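Q:
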Amino acid sequence: MTIMVTGGAGYIGSHTVRQLRQRGDSVVVLDSLEFGNRDAIADTPLVVGDIADSHLVTDTVLDHDVESIIHFAAYKAPGESFENPGRYFENNVAGTAALLETAHRNGVKHVVFSSTCAVYGTPDRTPVGEDAPIQPESPYGESKALVERILHWYDVCHGRRSVSLRYFNAAGAAMDGSVGEDWRVTLNLVPVAMKALLGAGPQLRIFGTDYPTPDGTAIRDYIHVDDLADAHLKALDYLSSGGATTAFNLGTGTGSSVREVLAAAERAAGQAVPALEAPRRPGDPVALWADNTRARELLGWNPRYGLDDIVTSAYQWHKITS
Ligand SMILES: NC(=O)c1ccc[n+]([C@@H]2O[C@H](COP(=O)([O-])OP(=O)(O)OC[C@H]3O[C@@H](n4cnc5c(N)ncnc54)[C@H](O)[C@@H]3O)[C@@H](O)[C@H]2O)c1
Numbered sequence: 005m006t007i008m009v010t011g012g013a014g015y016i017g018s019h020t021v022r023q024l025r026q027r028g029d030s031v032v033v034l035d036s037l038e039f040g041n042r043d044a045i046a047d048t049p050l051v052v053g054d055i056a057d058s059h060l061v062t063d064t065v066l067d068h069d070v071e072s073i074i075h076f077a078a079y080k081a082p083g084e085s086f087e088n089p090g091r092y093f094e095n096n097v098a099g100t101a102a103l104l105e106t107a108h109r110n111g112v113k114h115v116v117f118s119s120t121c122a123v124y125g126t127p128d129r130t131p132v133g134e135d136a137p138i139q140p141e142s143p144y145g146e147s148k149a150l151v152e153r154i155l156h157w158y159d160v161c162h163g164r165r166s167v168s169l170r171y172f173n174a175a176g177a178a179m180d181g182s183v184g185e186d187w188r189v190t191l192n193l194v195p196v197a198m199k200a201l202l203g204a205g206p207q208l209r210i211f212g213t214d215y216p217t218p219d220g221t222a223i224r225d226y227i228h229v230d231d232l233a234d235a236h237l238k239a240l241d242y243l244s245s246g247g248a249t250t251a252f253n254l255g256t257g258t259g260s261s262v263r264e265v266l267a268a269a270e271r272a273a274g275q276a277v278p279a280l281e282a283p284r285r286p287g288d289p290v291a292l293w294a295d296n297t298r299a300r301e302l303l304g305w306n307p308r309y310g311l312d313d314i315v316t317s318a319y320q321w322h323k324i325t326s
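Residue numbers (the numbering used here): 5 to 326.
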């Protein structure tokens, strides 16, 4: 029995593929390579193509005896999703609907889905729990919320159980430096800070310094990519042992401000990140961090890494690969 990992050549996918293989699971990656990197998955079997291609997905599922899917493949930039919502609904929603139907018809039992804390929009309170209202504030967030609903109905109608993992801010790189984020294709704070620090990009812009937070900058929950990867293995085990369809928050439960991230980067690199202050961006919540109790209790998941591990591993990775 094999696990098909869509988007497995991307950032979080490649770290997850590595952990699956380390524990001896059979894996096949399906990735268009639009953003993924073949080298990131070493000799893992790779099928290059699109999740919406039902012939290709059928062949892959049957050829590899696929029992479960971990579904990372999607577009992920909230800002871009305002400029081109159709791109997000087509790939993230219609593409996923096609994938799920093909998977169902070919007997795939379980799906672990990459959702996001963006489904909560600006929550009424933090830490945010899974029962908070789903009120996304971007087409990207909406695309993930819609897939969660589709997954719900595949369970009700077909008994196909799934787990939606709502990631907070993924960051960092493998501790041994073997795999990390590709800063050419991401707008996330940590890689953009590393680019500025290592002289490979412009000064970092701190969007908003007048928020009602202790240092005036926005607060997020940064979660190490290997902790995220570990949760996917635990989610598969949860489903295999009969766990019900549900969603889990994946965050550390601690918020860090932009200035705290930059201070950690300075500790890691021994020099300050070149940065300038910029206005707030519309739609950016002031503060967002996770209540991760459900994942701790039902998955037995305990994030091991903190902000300094995240930033130090990212710095080491980008220093080697830049
Ligand atoms: N990075 C984060 O902080 C974060 C936070 C919340 C949720 N997520 C979600 O996690 C998932 C993975 O994120 P990531 O940071 O690893 O992104 P990524 O862009 O590095 O990886 C996505 C991969 O999917 C592939 N892909 C995209 N559309 C495809 C398609 N139609 N068919 C086949 N392959 C396709 C890309 O080539 C890429 O390799 C995404 O679904 C994203 O929305 C990421």
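Think of the CB as a built atom: it goes at the ideal place given N, C-alpha and C, for glycine as much as any other residue. Just so we're clear, the structure is a prediction, and the values are computed from it rather than from any experiment.
1. Shortest alpha-carbon distance to E134 belongs to which of N110, H114 and S168?
2. For N41, collect the residues of the same chain with a Cβ closer than 7 Å to its Cβ; drop the 5 residues on either side in sequence, then sort them by chain order.
3. Please list the terminal residues of the continuous alpha helix (DSSP H) segment that includes R263.
4. Using the Cβ count rule (16 or more neighbours within 10 Å means buried), how would you classify C121?
5. Beta carbon of G259: closer than 7 Å to some heavy atom of ligand 1?
6. Would you say the beta carbon of G11 comes nearer than 7 Å to a heavy atom of ligand 1?
7. Quick check: what's the CA-CA separation for V52 versus V32?
8. Taking the straight line between their C-alpha atoms, what separation do you get for L280 and D219?
9. Let me confirm a value: P283 is counted as buried when at least 16 other C-beta atoms fall within 10 Å, else exposed. Which label applies?
10. Note down, in chain order, each residue of its chain lying with its Cβ closer than 7 Å to the Cβ of N110, except the 5 sequence neighbours on either side.
11. Please state whether the Cβ-Cβ distance between A81 and L191 is less than 8 Å.
12. Just list the alpha helix (DSSP H) runs in the segment 160 to 217, keeping only unbroken ones of 4 residues or longer that don't cross its boundaries, in chain order.
13. Where do the ends of the beta strand (DSSP E) carrying D35 lie?
14. With a threshold of 16 other CB atoms inside 10 Å of the CB of V112, please say whether the residue is buried or exposed.
15. Where D241 and V160 are concerned, what is the direct C-alpha to C-alpha distance, given to the nearest angstrom?
A: Reading off the structure:
1. Locating residue 134 in the sequence shown gives position 130, counting from the first residue. Closest option to E134, Cα to Cα, is S168.
2. Against the sequence shown, residue 41 aligns to sequence position 37. Excluding positions up to five away in sequence, the list reads A13 and D186.
3. By 1-based counting over the sequence shown, the position of residue 263 is 259. Residues V262 to A273.
4. Residue mapping note: residue 121 aligns to position 117 of the sequence shown, counting from 1. So C121 ends up on the buried side.
5. Reading the sequence shown from its first residue, position 255 is the one you call residue 259. Result no, Cβ not under 7 Å from ligand 1.
6. Here residue 11 is taken as the residue at index 7 of the sequence shown, counted from 1. Correct: G11 has its Cβ closer than 7 Å to ligand 1.
7. Position 48 of the sequence shown, counted from the first residue, corresponds to residue 52. Position 28 of the sequence shown, counted from the first residue, corresponds to residue 32. For V52 and V32, the distance between alpha carbons rounds to 11 Å.
8. Here residue 280 is taken as the residue at index 276 of the sequence shown, counted from 1. Here residue 219 is taken as the residue at index 215 of the sequence shown, counted from 1. Cα-Cα distance, rounded: 15 Å.
9. Along the sequence shown, one-based indexing puts residue 283 at 279. Exposed, by the Cβ-count rule.
10. If you number the sequence shown from 1, residue 110 lands on position 106. Same-chain partners within the cutoff: T62, V65 and L66.
11. The residue you call residue 81 lines up with position 77 of the sequence shown. The residue you call residue 191 lines up with position 187 of the sequence shown. In this structure, L191 lies closer than 8 Å to A81 by Cβ.
12. Fully enclosed alpha helix (DSSP H) runs of 4 or longer: 193 to 201.
13. Mapped onto the sequence shown, residue 35 falls at position 31. Element bounds for D35: S30 to D35.
14. Position 108 of the sequence shown, counting from 1, holds the residue named residue 112. So V112 counts as buried.
15. As a first step, residue 241 must be located in the sequence shown, where it is residue number 237. As a first step, residue 160 must be located in the sequence shown, where it is residue number 156. Distance between the alpha carbons of D241 and V160: 21 Å.
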